[in-house]
Amino acid sequence: MDADALRTDLRSFIATNFLFTDDAVADDMSLLESGVIDSTGAMELIGHVEDLLGVTVADEDLVAANFDSIDRIVAFATPHMQ
Amino acid sequence: MTGAAVRDLVHQWTNDKGDRIALVVDDRRVTFERLAGEIDRLAMGLVRAGVEPGDRVVVLLPNSVEAVTTLFGVWRAGGCVVMADAESTPEHLAYRVEHSGAAAVVTAAARLTTVRAAAPAVAVLVVDGDEAGDEAIETEGVFTLVDIPADPDWTPPRVDVDSPAAIIYTSGSTGLPKGVTHSHRSIRSVVDAVAHYLDHSHDDIVLCVLQLSFGYGLLQVLVTYSKGGRLVLRRGFGLPYDLVTVIETEKVTGMAGVPTLFALLRDLGPEALAKCHSLRYLTCAAAAMPATLAHQTVERFPGARLFVMHGQTECLRTTYLPPELLATHPTSVGRGMPGVDLWLESPDGTRLADPAEGELVVRGENVMLGYWNDPAATERVLRPGRRPHERVLRTGDLFRTDADGWFCFVSRSDDIIKTRGEKVSPHEVEQVLAALPEIAECRVLGIDDDLLGQAVRAEIVLRVDMTLSERDVRRALRRKLEGYKVPRDIAFVDSLPKSTSGKVLRRP
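From first to last, the protein sequence lines are chains A and B. For the first sequence, numbering that gives the first Met the number 0 begins at 0 and goes up steadily by one. For the second sequence, numbering that gives the first Met the number 0 begins at 0 and goes up steadily by one.
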């Protein structure tokens, strides 16, 4: 999987699981502050990324700086992609 | 009642602790002196916006320095505060403004358009007008704090401690939200009782991730300041390691949570949890803490005492279980806190002797004045107490007591599922489910069914990388529960609907 494919997947995962309207989420939007996801939603999103990339996110990486927007997730995940 | 009135909980420390840090929000650190000054600027701003003693003021702000200054500012202006959920929809906001008969709304520039649309007729005070370009904002009915100087000589109007101090809107299981109205006295009585059993002091540093629109969140602020401690406020739980970092860097000593928060922290490894060694206590209220999760939390935070408690908005807090008794009373929420008398009643109002099962009734100064503008609903749950200033509340919560008078939560009366003529407590089924290591979160509810009246349904969120079959779940439940309590429907879901305070919602 490459960064573009991840980005597309995340948009669709968020739209399917967390959005109940047709509004799209901007890639740089804070998912927690905007209320799109709560903490358990964030953990679910992280679990999805782990499954997708076959990695386990270390405790110290469970921070908003890595997971609070689609852009941040892609930036965090890129080094983990083959 | 002892000590300062609730509105003066910050001001009481300006003389001898004025230069100590009272409030930390992200990168902002505010001393008691500065905080008191900002509170009074806010109060003066409200007065300029036309707020008079007794007026209701709706606050629409996320957890922030301004949310704290506004809370106390409304009180210092003589008003009654209505903390709205920061994510309120325009309809929710309009309902609170209209139902409370608010004279003003306090908000941030980013929400001004929403507020004006939802409440066109009331004054609006914008707390961050300075940053947002003042004149652009100051139009008819919109006020800022821009040219209000700090004035240490400003004196607040007198206020009657038995007058309404806060209206907390609470969504019942049916119908429109009710405005639970507390007086300065009722809030103060709870603050004193909680500060006492948590053994609070000016050395405490409390991390609050709960919304201040929520009684449990509000109490974090008030209990901390009642003893001159420091509050570290965050907008929400956020991600687990961010919380660990805040606890470590701010040397947090106490944190209030709901089961969801403890479930998130439970999954961290020992190295991360070791960074939380400054914590001396954790509290859990607002939703029933599964006994298994309580046990795991104690294991993960060996240096912290875990207080399992019960409360409801109408009386803020009722019980706590002394942490030393958690091991021997794993399903109990304890006994009445100081100054509060609790007992169980049968449906016909007979007081029951322990051991018993019945509706929890509360007598004390902590009981609300009533539901705002709703005498009929108030009359259904309140009656006068024995002493002046206290009232007796029927909580609508079903409890069991053992022979020694320890209370165990059974269910909200409204949540009891009636299936095939039998009564099922969703809480009891959830306790069994929550004990399964594969399950992160669950809820059990009744869904309408032609044949059964209601059918029991379980919705389960699995922990990451865990699997569990429906058959595994049924087998585990059947070992512990009667057959009629085992859910007919078992659904594995990605998430559960929650209120903004993190409570799992009970309705389908």
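We treat Cβ as the ideally placed atom computed from N, Cα and C, and that holds for glycine.
- When B/A454, B/K502, B/G214, B/V251 are compared, the shortest CA-CA separation from B/G482 is found for B/A454.
- Around the CB of B/N62, 16 or more other CB atoms lie within 10 Å, so the residue is classed as buried.
- In terms of Cβ geometry, B/I246 and B/L206 form a close pair [threshold 8 angstroms].
- B/R399 sits away from B/I438, with the two beta carbons spaced by 8 angstroms or more.
- Sixteen is the threshold: when 16 or more other Cβ atoms of the shown chains lie within 10 Å of the Cβ of B/A271, as they do, the residue is buried.
- At a cut-off of 8 angstroms between beta carbons, B/E358 makes no contact with chain A.
- B/R470 and B/H10 have their C-alpha atoms roughly 60 angstroms apart.
- Contact check for B/V428 against B/A475 fails: the beta carbons are separated by 8 angstroms or more.
- Against chain B, the CB of A/F66 has a partner CB under 8 angstroms away; the residue lies at that interface.
- B/K417 counts as exposed, since fewer than 16 other beta carbons sit within 10 angstroms of its beta carbon.
- A distance below 7 angstroms between beta-carbons, with the five flanking residues on each side excluded, links B/P322 to the following residues of its chain, in chain order: R304, L305, F306.
- Residue state for B/G348 is assigned as coil, using DSSP reduced to three classes.
- Looking at the DSSP output, B/H309 sits in a beta bridge with B/T318.
- Taken atom to atom, the span from the alpha-carbon of B/V160 to that of B/G78 is near 12 angstroms.
- In this structure B/K226 touches B/A194 by the C-beta definition: roughly 6 angstroms separates them, less than 8 angstroms.
- Within 10 angstroms of the beta-carbon of B/T394 lie 16 or more other beta-carbons, which makes it buried.
- Contact annotation: B/T349 and B/G333 have beta-carbon atoms that are not nearer than 8 angstroms.
- Restricting attention to B/K422, B/S331, B/R187, B/V58, the CA atom closest to the CA of B/P486 is found in B/K422.
- Secondary structure at B/M43: helix, using DSSP grouped into helix, strand and coil.
- Near chain A, meaning a CB-to-CB distance below 8 angstroms, no residue of the segment 320 to 334 of chain B qualifies.
- An exposed status is given to B/E86, since fewer than 16 other beta-carbon atoms sit within 10 Å of its beta-carbon.
- Distance from the CA of B/D7 to the CA of B/E32, rounded to the nearest whole angstrom, comes to 12 angstroms.
- The beta-bridge partner set that DSSP reports for B/Q453 consists of B/D447.
- DSSP, reduced to helix, strand and coil, places B/K250 outside both helices and strands of the structure shown, so it counts as coil.
- Under the DSSP definition of a beta bridge, B/C407 partners with B/R399.
- Between the beta-carbon of B/V257 and that of B/G501 there is about 5 angstroms, and that keeps the pair under the 8 angstroms contact cut.
- Counting C-beta pairs with one atom in each stretch, the segment 36 to 50 of chain B and the segment 249 to 256 of chain B have fewer than three that are closer than 8 angstroms, which means they do not touch.
- From the beta-carbon of A/L9, no residue of chain B is found nearer than 9 angstroms; the closest lies around 15 angstroms away.
- For B/R55, there is no enclosing alpha helix (DSSP H); the residue is part of the beta strand (DSSP E) that begins and ends at 55 to 59.
- One alpha carbon belongs to A/N16, the other to B/V460, and they sit about 13 angstroms apart.
- Under DSSP, B/T180 shares a beta bridge with B/I166, B/G369.
- For chain A, none of the residues of the segment 22 to 38 of chain B brings a beta carbon within less than 7 angstroms of one of its beta carbons.
- A/A74 has a beta carbon lying at 8 angstroms or more from every beta carbon in chain B.
- Taken in chain order, the complete alpha helix (DSSP H) segments of 4 or more residues contained in the segment 463 to 502 of chain B are 469 to 479.
- Pairing B/F261 with B/L278 gives a Cβ-Cβ distance that is not under 8 angstroms.
- Restricting attention to B/L432, B/D198, B/L451, the CA atom closest to the CA of B/V443 is found in B/L432.
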